[in-house]
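Peer 1: Below you'll find the structure I mean.
Residue numbers (this note's numbering): 3 to 162.
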C-alpha cells in the first residue's frame with residue numbers, strides 16, 4: 003500500500019474499539035479518521051494520519067460526564083524487527099509488523115488511547131463537599147489557643 007500511496011478517510015465507530023471505549027462513559031459515536039500509507043525520502047514505509055472527535059469521559063472532580071475534544075496524529079514507520087525499531091529516526095514511532103497485514107483499527111485505537119487526558123475534568127467544575135463552607139472554616143480557625151493559659155501563668159510568674 004505504501005508504494006501506491008493509499009489513503010483512507012472515514013469514521014471509526016467507538017463501539018468497534020473496546021479498549022478505547024473502556025475509558026469512556028459510553029461507546030456511542032465515532033471518530034473521524036484520515037490515514038495515508040506512503041514511502042518517505044529514505045524509502046521507509048510510513049503510516050501517517052489524523053483522528054479527531056468528541057468523547058464523553060468521567061470528570062475526576064465531580065464524577066459527572068465531561069465532553070472531551072480529541073485530536074490525535076499518526077506518524078509511524080513500518081518495521082519488521084526490534085533492531086529496525088531501535089535504529090529508527092526520532093521523527094517516527096515504530097509500528098512492528100507481526101503479520102503480513104496491518105490491521106488499521108487497532109493502530110487507530112492505540113493512538114486514541116494515548117491522546118486521552120490522564121485526568122479528565124470540567125474547566126468550571128463546582129465540587130460539592132460535605133466539609134462546610136469557607137466562613138465555617140474561618141470561624142473554626144479563630145478558636146482560642148489552649149496554651150494561652152500557660153502564657154498567662156508565665157507572665158504572672160515573671161511579674162513576681
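Using N, Cα and C, we set each Cβ at its ideal position, and we do this for glycine too. Note that the structure is a prediction, hence the values are computed from the model and not measured.
If we count the other Cβ atoms within 10 Å of its Cβ and call it buried at 16 or more, is residue 71 buried or exposed?
Peer 2: Numbered from its first residue, the chain shown carries residue 71 at position 69. The residue in question, residue 71, is exposed, as its Cβ has fewer than 16 Cβ neighbours within 10 Å.
Peer 1: What runs of the alpha helix (DSSP H), each 4 residues or longer, lie entirely inside the stretch 71-139?
Peer 2: Those alpha helix (DSSP H) runs which fall completely within the stretch 71-139 and span 4+ residues are 84-88, 106-117.
Peer 1: DSSP three-state call for residue 185: helix, strand or coil?
Peer 2: The requested residue 185 is not part of the displayed model; the chain covers only 3 to 162.
Peer 1: What residue range does the alpha helix (DSSP H) around residue 23 cover?
Peer 2: Translated into the one-based positions of the chain shown, residue 23 becomes position 21. Counting along the chain, the alpha helix (DSSP H) containing residue 23 begins and ends at 20-23.
Peer 1: Quick one: what does DSSP say residue 8 is sitting in, helix, strand or coil?
Peer 2: Numbered from its first residue, the chain shown carries residue 8 at position 6. Of the three classes helix, strand and coil, the one that applies to residue 8 here is coil, per DSSP.
Peer 1: Of the choices 146, 152, 13, 98, whose alpha-carbon is the least far from that of residue 52?
Peer 2: As a position in the chain shown, residue 52 is number 50, starting the count at 1. Minimum Cα distance to residue 52 is reached at 13.
Peer 1: Spatial neighbours of residue 124 within its chain, please: C-beta separation below 8 Å, excluding the five flanking residues on both sides.
Peer 2: Taking the chain shown and counting its residues from 1, one reaches residue 124 at position 122. 61, 63, 64, 66, 68.
Peer 1: Just to confirm the assignment, what range does the beta strand (DSSP E) spanning residue 34 have?
Peer 2: For the purposes of this step, residue 34 is taken as the residue at position 32 of the chain shown. First-last of the beta strand (DSSP E) with residue 34: 32-41.
Peer 1: What did DSSP end up calling residue 16 once you bin it into helix, strand or coil?
Peer 2: Counting from one through the chain shown, the residue named residue 16 turns up at place 14. If DSSP states are grouped into helix, strand and coil, residue 16 belongs with the helices.
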